[in-house]
Amino acid sequence: MSTPIKNPPPTPETSQKTHFEGVHAPEKSHWSNLLIKLGIPLLIFAAMWFAPHPEALTDQAWRMFGLFIATIVAIIMKPLPMGAVTIIGMIIGVLTGLVPLSASSDNPGGVYALVGFSNNTIWLIVMAFLISRGFIKTGLGRRIALFFVSKVGGKMLGVTYGLALADLVLAPAIPSATARGGGIMAPIMKSVALTYDSTPGPTRRRAGAFLALNVGQVNAITCAMFLTAMAGNPLIASLALQMDVTITWTNWALGAIVPGLVALIVVPWVVYKIYPPELKETPEVKEMAKNQLRELGALTYGEKVLSGTFVVLLLLWTVGDLLLGISATTTAFVGVIILVLAHVLTWEDIITEKAAWDTMVWFAVLYMMATALSQYGFIAWISDVIANSLGGMNWVIALVILVLIYFFSHYFFASATAHISAMYLAFLGAAIVIGAPPLMAALVLAYTSNLFGSLTQYAGGASPTLFGMNYITVVEWWRTSAIAGAVSITIWLVVGGLWMNIIGYW
Numbered sequence: 160m161s162t163p164i165k166n167p168p169p170t171p172e173t174s175q176k177t178h179f180e181g182v183h184a185p186e187k188s189h190w191s192n193l194l195i196k197l198g199i200p201l202l203i204f205a206a207m208w209f210a211p212h213p214e215a216l217t218d219q220a221w222r223m224f225g226l227f228i229a230t231i232v233a234i235i236m237k238p239l240p241m242g243a244v245t246i247i248g249m250i251i252g253v254l255t256g257l258v259p260l261s262a263s264s265d266n267p268g269g270v271y272a273l274v275g276f277s278n279n280t281i282w283l284i285v286m287a288f289l290i291s292r293g294f295i296k297t298g299l300g301r302r303i304a305l306f307f308v309s310k311v312g313g314k315m316l317g318v319t320y321g322l323a324l325a326d327l328v329l330a331p332a333i334p335s336a337t338a339r340g341g342g343i344m345a346p347i348m349k350s351v352a353l354t355y356d357s358t359p360g361p362t363r364r365r366a367g368a369f370l371a372l373n374v375g376q377v378n379a380i381t382c383a384m385f386l387t388a389m390a391g392n393p394l395i396a397s398l399a400l401q402m403d404v405t406i407t408w409t410n411w412a413l414g415a416i417v418p419g420l421v422a423l424i425v426v427p428w429v430v431y432k433i434y435p436p437e438l439k440e441t442p443e444v445k446e447m448a449k450n451q452l453r454e455l456g457a458l459t460y461g462e463k464v465l466s467g468t469f470v471v472l473l474l475l476w477t478v479g480d481l482l483l484g485i486s487a488t489t490t491a492f493v494g495v496i497i498l499v500l501a502h503v504l505t506w507e508d509i510i511t512e513k514a515a516w517d518t519m520v521w522f523a524v525l526y527m528m529a530t531a532l533s534q535y536g537f538i539a540w541i542s543d544v545i546a547n548s549l550g551g552m553n554w555v556i557a558l559v560i561l562v563l564i565y566f567f568s569h570y571f572f573a574s575a576t577a578h579i580s581a582m583y584l585a586f587l588g589a590a591i592v593i594g595a596p597p598l599m600a601a602l603v604l605a606y607t608s609n610l611f612g613s614l615t616q617y618a619g620g621a622s623p624t625l626f627g628m629n630y631i632t633v634v635e636w637w638r639t640s641a642i643a644g645a646v647s648i649t650i651w652l653v654v655g656g657l658w659m660n661i662i663g664y665w
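When you read off a place in the sequence shown, starting at 1, and then add 159, the result is the number in my numbering.
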């Protein structure tokens, strides 16, 4: 007797759908958003393409400037993520003949669209992002922050200094102000606030509002202290090189150490005076931090490996270039390799660190555009224009004016990177033309590029995260940050200027 044929089990209805269900037609608002937010930058580019330009500039220089301005406007308007916007700008440059796609033997040393991807500074920031992932993955960053709070957290001002010390220690290895301030410091700050029942609403002034403002101010200062503390800093180093100014990890940190430490002491105290918390004594905070440290237990394997690697990185970043000829980028690669070999980071961790690869894309394109503007003669021209507008001023006065304009113009920017890309190179060129010492001018403007990160709630870095906790109103943020920011920039100009004179930067 034949065996009856069994019907095969039915195929689940979702088996074919699952593979494709991630792709959907966008909402109509997507297309209208693109039409407006991409259309406006494209119209700007088209208008500048056909507009008359100064006789001192070539068509290529002027049109490259038009593409650059259009790209910056698109970055600000955000029709797409920054990486996608910059790629569009790069391809437009290739299609219109403003830059070739790749290097050419006919023009050795000339700019080309992909030149930024081979820049060693961009690889420094990518490696630093990967190292920072280790701090978050192992929990070492949180442990360091809790340690400092447990030591100086008996008073509310002491809590602020504890968080500041933690941010300072983590800054060299975590190049994302958002990850450091928003991902590590903000949750601990909120835990402190909640310990005293300080929540968004009627009790926010007990502790939360004061702490949130201070974390934002401190984050901007620590970003200014190290080349690897903020994603835009290596971009600054690359731009400065266009003016034949070499910024290294060591000379950046050496120039920043004294004004940075003074600012970390003074600025939290200023905020304490102009926006005081209702609670001044905080004995429970020290105990809370100690209890959480006890819960963490002894250092884990990953934390031990990362701690040792971090010490090696700091030593090599500080003296490796001077004594051993090991560049900061090479050092960062060594650090990542150690973490991979020790299985603190996996290859999956590396390829899924989206912030690193996204930064690589937009950094490379903006570097290419800045290089093109420099090679085509635009930067030299605009630097002369700005310098001439300052007349025959003493270079010290002129540099202070340039720095203040650069600092307060950040009210019009929602991205430090966009601001740096738009103004840093031109202002540095102008400062050099008026007689300012090149290294000093480059570093003063570099530090300023970080200090303006706390001016507004949309200024970038940790500010949006901290403001989003709803402890602070817009008016409170702007008023307090305007005063604290003015104090901070004064410290960096006066104390920093004197310190740079002592160490021979001018």
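Every residue, glycine too, gets a C-beta built ideally from N, C-alpha and C.
Kindly identify the DSSP beta-bridge partner or partners of Glu440. Lys314
State yes or no: is the beta carbon of Ile347 nearer than 9 Å to at least one beta carbon in chain B? This model lacks chain B altogether, as it is built from one protein chain only.
Give me, in chain order, the residues of the same chain whose beta-carbon lies closer than 7 Å to that of Leu299; leave out the 5 immediate sequence neighbours on both sides. Glu462, Leu465 and Ser466
Can you tell me whether Thr162 is buried or exposed? The criterion is at least 16 other CB atoms within 10 Å of its CB, across all chains shown. Confidence is the limiting factor: at Thr162 the pLDDT is only 48, short of 50, which leaves the residue's position unreliable, though a coordinate-based value still follows. Flag for Thr162 reads exposed.
May I ask you to report which of helix, strand or coil DSSP gives Pro240? coil
Cβ contact check for the segment 268-286 and the segment 510-530: 3 or more pairs under 8 Å: yes
Inter-residue Cα distance where the pair is Leu652 and Thr441: 34 Å
For Asp517, which of Thr607, Trp282, Phe572 and Ile648 has the nearest alpha-carbon? Trp282
Do Pro592 and Ile556 have their C-beta atoms closer together than 9 Å? Note on identity: in this sequence residue 592 is Val, with Pro being the wrong assignment. Not in contact: Val592 and Ile556 (Cβ atoms no closer than 9 Å).
Distance between Ala595 and Gly340 (C-alpha atoms, nearest Å): 34 Å
How many Å lie between Met315 and Leu438 at the Cα? 7 Å
Enclosing alpha helix (DSSP H) for Val503 [first to last residue]: Looking at the DSSP string, Val503 is not in any alpha helix (DSSP H), and its letter there is neither H nor E.
How close, in whole Å, do the beta carbons of Ser613 and Ala379 come, if the pair is a contact with beta carbons under 8 Å? 4 Å
CB-CB under 7 Å to Phe288, same chain, minus the five flanking residues each way: which ones, in chain order? Pro334, Ser335, Glu512, Ala514, Ala515 and Thr518
Go through its chain and collect everything with a Cβ distance to Thr280's Cβ below 6 Å, but skip five positions before and after it. Pro393, Ala396 and Ser397
C-alpha distance - Ser174 paired with Gly479, whole-angstrom precision: For Ser174, the pLDDT reaches just 47, beneath the cut-off of 50, and the residue's location in the model is therefore unreliable, although a value from the coordinates is still provided. One C-alpha to the other measures close to 56 Å.
Rounded Cβ spacing between Ile234 and Val244 (contact assumed at less than 8 Å): 6 Å
Quick check on the burial criterion: 16 or more other C-beta atoms within 10 angstroms. Buried or exposed for Pro211? exposed
Taking C-alpha atoms, which residue in Ile538, Trp476, Thr459 and Gly550 lies nearest to Gly293? Thr459
Under the three-state reduction of DSSP, which class applies to Ser350: helix, strand or coil? helix
Determine the direct distance from the alpha carbon of Thr217 to that of Trp428, and round the result to whole angstroms. 52 Å
Asn112 burial status per 10 Å Cβ neighbour count (16 or more: buried): Nothing can be reported for residue 112: it is not among the residues displayed for the chain, which extend from 160 to 665.
Rounding to the nearest angstrom, what Cα-Cα distance links Trp221 and Phe209 in this structure? 10 Å
How far does the alpha helix (DSSP H) with Leu370 in it reach, from first residue to last? Gly367 to Met384
Proximal residues to Ala422 (C-beta, below 6 Å), its chain only, five neighbours per side dropped: Ile380, Ser647 and Ile650
Rounded distance between the beta-carbons of Thr337 and Ala621, thought under 8 Å: 6 Å
For Leu329, count neighbouring Cβ atoms within 10 angstroms of its own Cβ and tell me buried if that reaches 16, exposed if not. buried
Note the first and the last residue of the continuous alpha helix (DSSP H) segment covering Asp543. Phe537 to Ser548
Could you check the C-alpha separation between Gly419 and Val654 for me, to the nearest Å? 9 Å
Could you tell me whether the segment 467-477 touches the segment 489-508, where touching means 3 or more Cβ pairs closer than 8 Å? yes
Tell me which residues share the same chain as Trp476 and place their Cβ nearer than 6 Å to its Cβ, disregarding the 5 neighbours each side in the sequence. Trp408, Ala487 and Thr490
Which of the three DSSP states is assigned to Gln219 in this structure? helix
With respect to the alpha helix (DSSP H) encompassing Tyr526, which residues constitute its N-terminal and C-terminal limits? Lys513 to Gln534
Which value, in whole angstroms, describes the spacing of the CA atoms of Val258 and Ile485? 33 Å
On the three-state DSSP scale, how would you describe Ala330? helix
Work out the CA separation of Leu657 and Ala323 for me, nearest whole Å. 24 Å
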